[in-house]
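Start counting the sequence shown at 9; every next residue gets the next number (the numbering used here).
Here a beta-carbon is modelled for each residue, glycine too, at the ideal position from N, C-alpha and C.
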Amino acid sequence: MAAPDEAVPFVFEPSENVLARGTHYKIAELLYDVREKLTPHQTGGPDGVDIDVVYLAACYHLARCQYVPEEQRAWDHHACTFLFGVVHALRPDAVPQPLRGAFAEDPPQVVPPYEIVHAVGIALLLASTSAKDEAGVGLATVLIMWARERARGTESEPQITFNLGTALATMSDFDGDEGDTKRRRAAGVHCMREAVAALPAGHPARQEMMTVLMRTQAKAPPVPVAEGSSAAELNHYMRDGDLDRLDTMIGRLRSAVDAPPTGEPERTHRRIELGQALRMRFEMEGELADLDGSIAELTKALAGPLDDEVRATVVSFLGLAHLDRYASSGDLADLEAATAAVRHPHPAEQAASTTHAQRLTNLAAVLTARFDAYGDTAELDEALNHLEYAVAATPPAQHDRPVMLIKLAVALSKRGTHTAQDADLDAAEAILRQVAGKPSDSGPNQQLARLELGHLLTTRGRNRRAVNDLVEAVKQYRTTALAPTQDVRTRLHCAALWAMTCVTLGDPGQARTAFGVALTDLLPKLTGRALGRESQEVRLREVDSLANAAAAVEITAGRPRQALIRLEQGRGVLLAQALQLRRRHNELIAASPELAGRYEQVCAKLVARHRSPEQRKASAAEFDRVVQEIRALPGLGHFHRPPDWAQLSEAAVDGPVAVINVSPLGCDALLIRRRSGRSAVEVLPLRGVTREEIGHRVSAFQTAVAKLATPGTTGGERYVHDRELKRTLRWLGEEIVGPVLERLGLDRPGRPDEPLPRLWWCPTGVLSLLPLHAARLEGDGRSGAVYAHDRVVSSYVPTLLSLLHARDRPAPEAGRTSLVAVAVDAGDTYPRLAALDEELSATGDLPGHRSELRDADATPEAVLAALRTHTHAHLACHGVRDPADPSHSRLLLYGGDLRLRELAAERLQDAEFAYLSACHSAAPGEELADEVVSVASAFQLCGYRQVIGSLWTVEDEMGPLLAREVYRLLGAPDTPGAAYALHRAVRVLREHPRYGEPLFWASVIHSGP
């Protein structure tokens, strides 16, 4: 060992000698040869340490620190310090100055040998990589690999593992056997993933590691996929969004799963692929049966022969399916099921697998949804941590990497908005622009990226009042909405946002264009006939108030006729579809009996229950083909076209119609009436009314009537709720009904010798839950109050088309009426219906054949069968309304319920009149309010022209009194019709000492012509 300050090896040699490849290689090789003799801890004492090699290597790296550029000398400095630390511990006087003096003041710790070998190896790796020295890189890899094995379980393991990955990846850059190259690169990436996954979020080295990992994977060629395989088909679909391709793949996978020759484990693996494909088709088309099928297939797969890696992936996919279900249902139980699945524990070694990034992406998607639901920023931060890793750990060419990037951008945008951090928003914007690509790129991922980019720009633009952001958002929305792709859901969302952002910018012309794209082109496709009813309803929840906003824009533009058309296009969508399938087309029968027959057959298939998605899809395609053939017939080019003013104007032939448009942009009444033999529509602005106030009024009113109908409500409480009820009726009179009647000239008392005029109400949104016919116009007290009921005979219609459809159907011929009267007491779970016998008796005044189904005879099956063979129906029973999911509303019969979806599947050709003496039978839900989904509308849908129902619960004893008067009038030779019969019966009821208050008589309404 030389004198410490006079003859230090290498220090006084020229740079070319010190930096020579051979010298560096030889020193590293010498050190590796004595790797088990580097520290006293290894050898059991100082005598076993090969101090000469340690000293020589220390001096060499000290010399390199003199010549290597400063930005490159960090690892030489580490190696020098670590090695001289050993020398200082054994022979402190051998350490050269100035290190000796520094060590005397602050003695270094002797680091573990793996730290020494790792530092020497990295210094060699960096020098050999820049020199393209394959031998040097190979030796460096050997050193780092040894260091990693000795560092297992220590804090240094992730860093050393990552550097081993870097070394292996660098080895793959040299020419050699293709198989060896692939294996080295794969092993290197594996080590990098393992290392990054082991570091906690916020670790100072993590971000740099992920950057290196991304660069490494970017250099690797795409992994080849066998053409025709499920993986290849999936890759194609993710790029082009071709649903036919997805359908074909699902069909092939289903056949493979069901085929007897398919054995295990192949069947289970095909089942996993099928579950994934079904979920993806659900996300594109919205068929809930596909989502149910996905969950079922993945659950079955978990019972098959799976290794730990595949099992963890299947559980993660199952979590994603539950997340989709949560997005559709809003049920937090589904979100918790998704959370349990994606957080399912898995072996630690899976963190380095090729599918771990996918699993973390699914976990992050659930965490982001949990942030939206619960507002816990820690979960959003965790999601970002996982997504940053997933993006880094996934090769750029992998089909699902764009999805990871979009999810990362969405999470960044949410955090940026929540914390007002511009950096997060800017990063999210950059990512989304990267994925969106050029405007001509129209794959599913590009479309979704533009939608999210538009969201970000709109939110930021409104928060900052940055017009440029809003203008750019319009560009993104417009491009996506007009793209010729099958992703209708994304396109429709973009069309709606395009329209509303244009409204914000004060560009009504472009807003009208956007609403036209949304309502004329895209909405019918979103709720296509191939979807089941429940699936259609889920999709419609996503476009709440779209038609109302479109109508408000048309009204502002001075186009009230077009406003009505927009409302008909976007409200009662499912009702319109169903009524089209039930209409009789005499002109078609006359033009082509054969085509009319085919049309009837396919309509019957479309309304039939218990059909698979594939069967519905085939029937929907057949329907489209038949309609195209019909339109080719002379004079039938209009067949099944959207309504125009010429059609809608006929709604007022028997009296005026008041359409009350409730929108976020303002509220107006559109009044249709006949003038000089022609229909006209005029706008009555309701300037004192807002959608928000209507919502508050509806909520308070419903609470009031519910409390007033509840036994045990105290006198003081009854007083408060009765005041709220009457306050609402006065508000209706002052702000909506009174102005409408005044404009129509119907605000004055009628002549005693003439019947009151008819008026059809078509309220939109949750306004349909309030009794417009009972609005108080003037006066106070029971005797002095004047209600709308005193001025007009009110009827309600869900849409103008439903009114026209009901009028088109002829009433049954005289002498052909028949009534089925149904009476059921649901039992102890619900209040007892004590007046059922009286109510059945009250129906006896209607002439014609009469049948009764009482209690045990009134099963759902028996009632449905009776409805098919009678023109009139009276049902006295309990009704259950589900405000959040109105299609789950039902009538409680014996042994089961009669549900709306079962009624909607019926086509009753001879149905005329239904009296639904059941609570809430005419009340739609707050959800899907503009679809007007109620028991009453379901009866209209299956064929009944006239329906009487109740908006809320009233006393059982009132039912027979009202029903008896209605049937007495209907049974009279000069019957005035259902609307007048109910109106006059209510007038009689208002004189009753008990039921004269609007709480009672205002609950019952008439729907129909």
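Exercise. Jot down the residue ranges of each uninterrupted alpha helix (DSSP H) in the stretch 902–976, minimum 4 residues, whole runs only, in chain order.
Key: 908–912 and 943–949
Exercise. Flag this pair as yes or no: are the beta carbons of ALA712 and GLU732 separated by less than 8 Å?
Key: yes
Quiz item: Exposed or buried, which one is VAL661 when buried takes at least 16 other CB atoms within 10 Å?
Solution: exposed
Quiz item: Using the C-alpha atoms, what's the distance from PHE921 back to TYR975?
Solution: 11 Å
Quiz item: Are the Cβ atoms of THR174 and VAL220 separated by less than 8 Å?
Solution: yes
Practice problem: Whole angstroms is fine: what's the gap from ASP964's alpha carbon to ARG590's? | Solution: 35 Å
Quiz item: Among TYR122, ALA97 and GLN105, which residue has its Cα nearest to the Cα of HIS86?
Solution: TYR122
Quiz item: How about THR528 and GLN577: are their beta carbons less than 8 Å apart?
Solution: yes
Self-check item: C-alpha gap between HIS646 and ARG639, whole angstroms
Solution: 7 Å
Quiz item: Is it true that the CB of VAL197 sits closer than 8 Å to the CB of ALA226?
Solution: no
Self-check item: Status (buried if at least 16 other CB within 10 Å, exposed otherwise) for VAL728
Solution: exposed
Quiz item: How is HIS593 classed by DSSP in three states: helix, strand or coil?
Solution: coil
Quiz item: If you follow the beta strand (DSSP E) that LEU883 is part of, which residue opens it and which one closes it?
Solution: 880–884
Exercise. With a cut-off of 8 Å on the beta carbons, I'd call GLY1033 and GLU272 a contact; round off their distance for me.
Key: Not covered by the structure: residue 1033. The range shown for the chain is 9 to 1017.
Practice problem: For ALA311, name the three-state secondary structure that DSSP assigns. | Solution: coil
Quiz prompt | C-alpha distance - GLU274 paired with TYR40, whole-angstrom precision | solution = 48 Å
Quiz item: Is it buried or exposed for LEU340, if we count other Cβ within 10 angstroms and need 16 for buried?
Solution: exposed
Exercise. May I ask you to list the residues that DSSP assigns as paired with ARG766?
Key: VAL801
Quiz prompt | Cβ-Cβ separation, LEU978 to GLY957 (assumed contact under 8 Å), whole Å | solution = Wrong, their Cβ atoms sit about 16 Å apart, outside the cutoff.
Exercise. Look at ALA866 and LEU908 and say whether their C-beta atoms are less than 8 Å apart.
Key: no
Quiz item: When the Cα atoms are used, what is the spatial distance from GLY967 to GLU847?
Solution: 7 Å
Quiz item: If you check the beta carbons only, do GLU295 and GLY540 fall under 8 Å apart?
Solution: yes
Quiz item: Taking ALA438 as the reference, which of GLY685, CYS510 and LEU413 has the closest Cα?
Solution: LEU413
Quiz item: Are the stretch 666–676 and the stretch 688–699 in contact at 8 Å, needing three or more beta carbon pairs?
Solution: yes
Self-check item: Limits of the unbroken beta strand (DSSP E) element including PRO693
Solution: 686–693
Quiz item: Tell me the DSSP bridge mates of ALA677?
Solution: ILE668 and LEU692
Quiz item: ILE563 lies in the alpha helix (DSSP H); which residues open and close that run?
Solution: 554–564
Quiz prompt | Selected residue, minimal CA-CA separation from THR879, among PRO855, LEU465, PRO981 and ASP918 | solution = ASP918
Quiz item: Can you check whether the CB of GLN366 is closer than 8 Å to the CB of THR321?
Solution: yes
Quiz prompt | Best match in VAL665, HIS394 and ALA228 for proximity to PRO765 [C-alpha to C-alpha] | solution = VAL665
Quiz item: Are GLU630 and LEU603 close, meaning C-beta to C-beta below 8 Å?
Solution: no
Quiz item: Hey, MET217 and VAL204 are a contact pair by Cβ (cut 8 Å); roughly how many whole angstroms apart?
Solution: 5 Å
Self-check item: Beta-carbon gap between LEU388 and LEU368 smaller than 8 Å
Solution: no
Quiz item: Whose CA, out of ARG333, PHE92, ASP380 and HIS886, lies closest to the CA of VAL61?
Solution: PHE92
Quiz item: From ARG319 to ALA444, what does the alpha carbon distance come to, in whole angstroms?
Solution: 33 Å
Self-check item: Touch test, the stretch 570–584 against the stretch 805–815, Cβ-Cβ under 8 Å, three pairs minimum
Solution: yes
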